[in-house]
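The structure under discussion appears below in the form of structure tokens.
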Amino acid sequence: MTQMVAEAVRQASVNFMDTVAMLLPRILITASVVAVGWVIAWALKWAVRWILIWSRFNHGCERIGVSAVLKTADLPPADHLVSLIVFWLVWVGFLLSGVDVLGFTALEGMVRSFALFVPRLLVAIVILVLGVVCANFAWRATLIAAVNARVPSPRVVSGCVRALVLILAGAMALDQIALARTIVLTAFAIAFGAVMLGLAIAFGVGGGGIARRILDHWFPEHPPTEQEEFRHL
Amino acid sequence: MADESLLSDDLLRQLMATGHVDILVGVPTLNNASTVVDVVRMAQRGIAKYFPRARALIFNADSGSDDGTPALVRDATTDDTGTVSASRPLRTTNRITTPYHGLPGKSSAMRVIFAVADLLSADAVVTLDPNVTSVTPEWIPALAGPVRDGNADLVAPRYPRTATDGPLVTQLVRPLVRAAYGWTLSEPLMGEFGCSSRFATHCLDLPSLGAGTTSDAVDLWMAAEALVKGFRPAQAALGLRLLGPGRKRPALPDVFQQVMDAVCACLELHDGYWLGRGAAEAVPCFGTLNGAAEPGPRPDVTAMAEAFARDVAALHPVLQTILTEPTLAGVTAAAATPARLVYDDDLWAATVFEFLLAYHRAVMTREHVTQTLLPLYLGRTAAFLMQHASSDPASVDAAFESLCLAFERAKPSAAALWTKA
Chain A
0 MTQMVAEAVR
10 QASVNFMDTV
20 AMLLPRILIT
30 ASVVAVGWVI
40 AWALKWAVRW
50 ILIWSRFNHG
60 CERIGVSAVL
70 KTADLPPADH
80 LVSLIVFWLV
90 WVGFLLSGVD
100 VLGFTALEGM
110 VRSFALFVPR
120 LLVAIVILVL
130 GVVCANFAWR
140 ATLIAAVNAR
150 VPSPRVVSGC
160 VRALVLILAG
170 AMALDQIALA
180 RTIVLTAFAI
190 AFGAVMLGLA
200 IAFGVGGGGI
210 ARRILDHWFP
220 EHPPTEQEEF
230 RHL
Chain B
0 MADESLLSDD
10 LLRQLMATGH
20 VDILVGVPTL
30 NNASTVVDVV
40 RMAQRGIAKY
50 FPRARALIFN
60 ADSGSDDGTP
70 ALVRDATTDD
80 TGTVSASRPL
90 RTTNRITTPY
100 HGLPGKSSAM
110 RVIFAVADLL
120 SADAVVTLDP
130 NVTSVTPEWI
140 PALAGPVRDG
150 NADLVAPRYP
160 RTATDGPLVT
170 QLVRPLVRAA
180 YGWTLSEPLM
190 GEFGCSSRFA
200 THCLDLPSLG
210 AGTTSDAVDL
220 WMAAEALVKG
230 FRPAQAALGL
240 RLLGPGRKRP
250 ALPDVFQQVM
260 DAVCACLELH
270 DGYWLGRGAA
280 EAVPCFGTLN
290 GAAEPGPRPD
300 VTAMAEAFAR
310 DVAALHPVLQ
320 TILTEPTLAG
330 VTAAAATPAR
340 LVYDDDLWAA
350 TVFEFLLAYH
360 RAVMTREHVT
370 QTLLPLYLGR
380 TAAFLMQHAS
390 SDPASVDAAF
400 ESLCLAFERA
410 KPSAAALWTK
420 A
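From first to last, the protein sequence lines are chains A and B. Residues in the first sequence are numbered consecutively from 0, following numbering that gives the first Met the number 0. Residues in the second sequence are numbered consecutively from 0, following numbering that gives the first Met the number 0.
What follows is the structure, given as structure tokens:
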């Protein structure tokens, strides 16, 4: 009996040693891949940041309004953010490659999935950035035009325009990365429809007077008065 | 040299029959039937009375009127009041009217007029606005005389201005152009002008005549071109400038956009010249301004001031990207008391130059920069009218001069920032 137990323990320890002997090199390789990956990701992060600083990337982001949005969202400056994204994408890529070396069946598909996910994520980021740029442009154009056309509450009007463009871009970005696609699409359709219906009712029924004033302003029945004939040139 | 492809065969035949002229009066038209006949008559009277020995041509370049303007110009008799008999010309004043090819607009019309002047070797070219109802025969010698006498290459007009008359010129274009280019030109957006054939030929040789932004405000571009290229400028006191009903005028935002685009485009184009200019040199003025300017319709200044307060609050996030902190603080403080609105000269000059720098640096779409200035311009105009609407002409002129000097004081720092941008 004792001998059987001793044999089992010996066998278990042999198996354990075999497993350790088999896994140790893989763990070392994984650790090396992760460490080298971290160094490469870190180097790339600084290279990208340096290139962005050199090319005055932040200045461009300020001009198109991206910096203002990042500041509002309490995010780091644009060049820092881009370099961080590069760092994490590269390091997570190495990390998953390292994990793949371990040969765990459950983790085998992760690298492939990640490789497929990265392009979609990048496209989603581009969509978001373009959305922010378009939203800011539309906001400013609407605000200035509304002020010069004497439209009531120009900031509310322009804010709504910006929010709509941002929501549209956000929904497109989420759809791109296929994150809860059905929920996102359904929620977007319901929210968009509700907002539009609400605005239409508010403008047409609740704000009938304002609607009339705006339409009168755009399509005057009477010719311009002498007051309006004040000549600026 | 004139590009003869601008001129049709039929027109060339008429021009060859006319031969050399001493004075060419150009009238660019587009649906000006209600006013153009009087303009042509006044031009004819002016030539007959003041240049009876001169060979003259009244040339109408029409942009495609559909109200019979060319026929009216062609058939316009000198007049039926007997004035001609008292000053009969020794030569016939020819009249040619022609449609021109290309984009409609004053710029294209000017190109044709200059081509004709070049072809006929005109000594002096006078251009009249067909929509002006206050043209007198005296405008012809006033605009052509300094050129014919060899005293000037470009004669810009001068009109008596009240506080309410043409604030876009008196509050913005005049002081800005004067401070930047360093010449005391009162009316940079010359409605009428006279020029030498040398200047006409120079303009004709430039591809920028009628191209790009300059096509919208060709008069300003020509004035700036004359100043920059060393053509001798002069001014002629013309008296009141009243516009007829004519065609529907564009809305203020469109006019403002057009003028500001042209001013900014000219300053971009000529920065090699104006950045080095110092205090403004006087442009000689021939004649004296007479006739009190009519006050014209008065705007509702209180409503303008209240709108200014609302607009500054609404545009605050946009203004933050254009104006420096002290200037924005000044504008905001001014807008805080619309009932006693004070937008002083130095603050206004700083505002305009900072907008100009924002345009130059393209901190946002350039259209947005110029459009954002409109509410501030209306605020400044309201403030000026609150202070000077009832002032006597001398006080108003002094206020105009004071504003120009404020722009001159603000220019050096703006010029330094312009070169750094």
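Ideal Cβ placement from N, Cα and C applies to all residues, glycine included.
Asked                                                                                                                                                                                              : Found
Mapping the DSSP letters down to three states, classify Ser64 of chain B as helix, strand or coil.                                                                                                 : coil
List the residues of chain A that Ala308 of chain B touches, going by C-beta distances under 8 Å, in chain order.                                                                                  : Simply none; closest approach about 12 Å.
Whose CA, out of A:Ile176, A:Val8, A:Val32, lies closest to the CA of Pro118 of chain A?                                                                                                           : A:Ile176
Applying the criterion that 16 or more other CB atoms from any shown protein chain within 10 Å of the CB defines a buried residue, is Gly271 of chain B buried or exposed?                         : exposed
Just to confirm before moving on: does the CB-CB distance between Arg157 of chain B and Cys263 of chain B stay below 7 Å?                                                                          : no
Output the boundary residues of the beta strand (DSSP E) element that contains Pro98 of chain B.                                                                                                   : 92-98
Along the chain, where does the beta strand (DSSP E) that runs through Ile26 of chain A open and close?                                                                                            : Ile26 of chain A -> not in any beta strand (DSSP E); alpha helix (DSSP H) instead, spanning 1-53.
May I ask you to check if the CB of Ile52 of chain A is nearer than 6 Å to at least one heavy atom of the ligand GTP?                                                                              : The ligand GTP is not part of this structure, which contains no ligands at all.
For chain B, is any of its Cβ atoms less than 7 Å away from the one on Asn147 of chain A?                                                                                                          : yes
Quick one: any contact between the region 36-51 of chain A and the region 79-96 of chain A, if contact means 3 or more CB pairs under 8 Å?                                                         : yes
In whole angstroms, what separates the C-alpha of Leu94 of chain A from that of Leu74 of chain A?                                                                                                  : 25 Å
In the DSSP assignment, the alpha helix (DSSP H) including Gln175 of chain A goes from what residue to what residue?                                                                               : 153-175
DSSP puts Arg157 of chain B in a beta bridge; with which residues?                                                                                                                                 : B:Ala236
Flag Val83 of chain B as yes if its beta-carbon sits less than 7 Å from any beta-carbon of chain A, otherwise no.                                                                                  : The predicted model places Val83 of chain B with a pLDDT of 42, which falls under 50 and marks its position as unreliable; any figure quoted below should be read in that light. Output row for Val83 of chain B: interface = no.
Spatial neighbours of Ser86 of chain B within its chain, please: CB distance less than 6 Å, with the 5 preceding and 5 following residues excluded, ordered by chain position.                     : Note on Ser86 of chain B: pLDDT 48, under 50, position unreliable in the model; the coordinate value appears next. Only Ala47, Lys48 meet the Cβ criterion.
Of all Cβ atoms in chain B, is any one closer than 7 Å to the Cβ of Leu232 of chain A?                                                                                                             : yes
Taking DSSP as the reference, what is the three-state secondary structure of Asn59 of chain B?                                                                                                     : strand
Do we get a CB-CB distance below 7 Å when we pair Pro244 of chain B with the residues of chain A?                                                                                                  : no
Could you tell me which residues DSSP puts in a beta bridge with Thr28 of chain B?                                                                                                                 : B:Asp61
Is the region 353-360 of chain B close to the region 410-420 of chain B, with three or more CB pairs under 8 Å?                                                                                    : yes
Output needed in chain order: residues of the region 186-202 of chain B with a Cβ under 8 Å from some Cβ in chain A.                                                                               : Leu188
Mind listing which residues of the region 157-181 of chain B have their C-beta closer than 8 Å to chain A's C-betas, in chain order?                                                               : Thr163, Asp164, Gly165, Pro166, Leu167, Val168
Please work out which residues of its chain come closer than 7 Å, Cβ to Cβ, to Phe399 of chain B, disregarding the five sequence neighbours upstream and downstream, and give them in chain order. : Thr169
So is Glu324 of chain B buried or exposed if we call it buried at 16+ other beta carbons inside 10 Å?                                                                                              : exposed
Along the region 104-131 of chain A, where does the CB come closer than 8 Å to a CB of chain B? Name the residues.                                                                                 : none
Apply the 10 Å Cβ neighbour rule to Asp79 of chain B and answer buried if 16 or more other Cβ atoms are within range, or exposed otherwise.                                                        : For Asp79 of chain B, the predicted structure reports a pLDDT of 47, less than 50, and the residue's modelled location is therefore unreliable. A value from the coordinates is still provided. Exposed, because fewer than 16 other Cβ atoms sit within 10 Å of the Cβ of Asp79 of chain B.
DSSP on Val134 of chain B, reduced to helix/strand/coil?                                                                                                                                           : coil
Are the region 125-140 of chain B and the region 37-57 of chain B touching by the rule of at least three beta carbon pairs closer than 8 Å?                                                        : yes
Could you tell me the alpha carbon to alpha carbon distance between Thr82 of chain B and Gly275 of chain B, rounded to whole angstroms?                                                            : Confidence in Thr82 of chain B is poor, its pLDDT being 42 and thus under 50, which makes the residue's placement unreliable; the coordinate value appears in the next sentence. Straight-line Cα distance between these residues: approximately 51 Å.
Can you tell which of B:Arg52, B:Ile95, B:Arg54, B:Pro51 has its C-alpha closest to the C-alpha of Pro69 of chain B?                                                                               : B:Ile95
Hey, how far is the Cα of Gly378 of chain B from the Cα of Ala141 of chain B?                                                                                                                      : 36 Å
Which two residues bound the contiguous beta strand (DSSP E) that contains Phe192 of chain B?                                                                                                      : 192-195
Taking only beta-carbon atoms, is Leu314 of chain B less than 7 Å away from chain A?                                                                                                               : yes
Note down, one range per segment and in chain order, each alpha helix (DSSP H) of at least 4 residues found wholly within the region 324-368 of chain B.                                           : 324-334, 344-360
Which residues, in chain order, does the region 141-170 of chain A contribute to contact with chain B at a C-beta distance below 9 Å?                                                              : Leu142, Ile143, Ala144, Ala145, Val146, Asn147, Ala148, Arg149, Ser152, Pro153, Arg154, Ser157
I think Pro174 of chain B touches Phe406 of chain B, with their Cβ atoms under 8 Å apart; what is that distance to the nearest whole Å?                                                            : 4 Å
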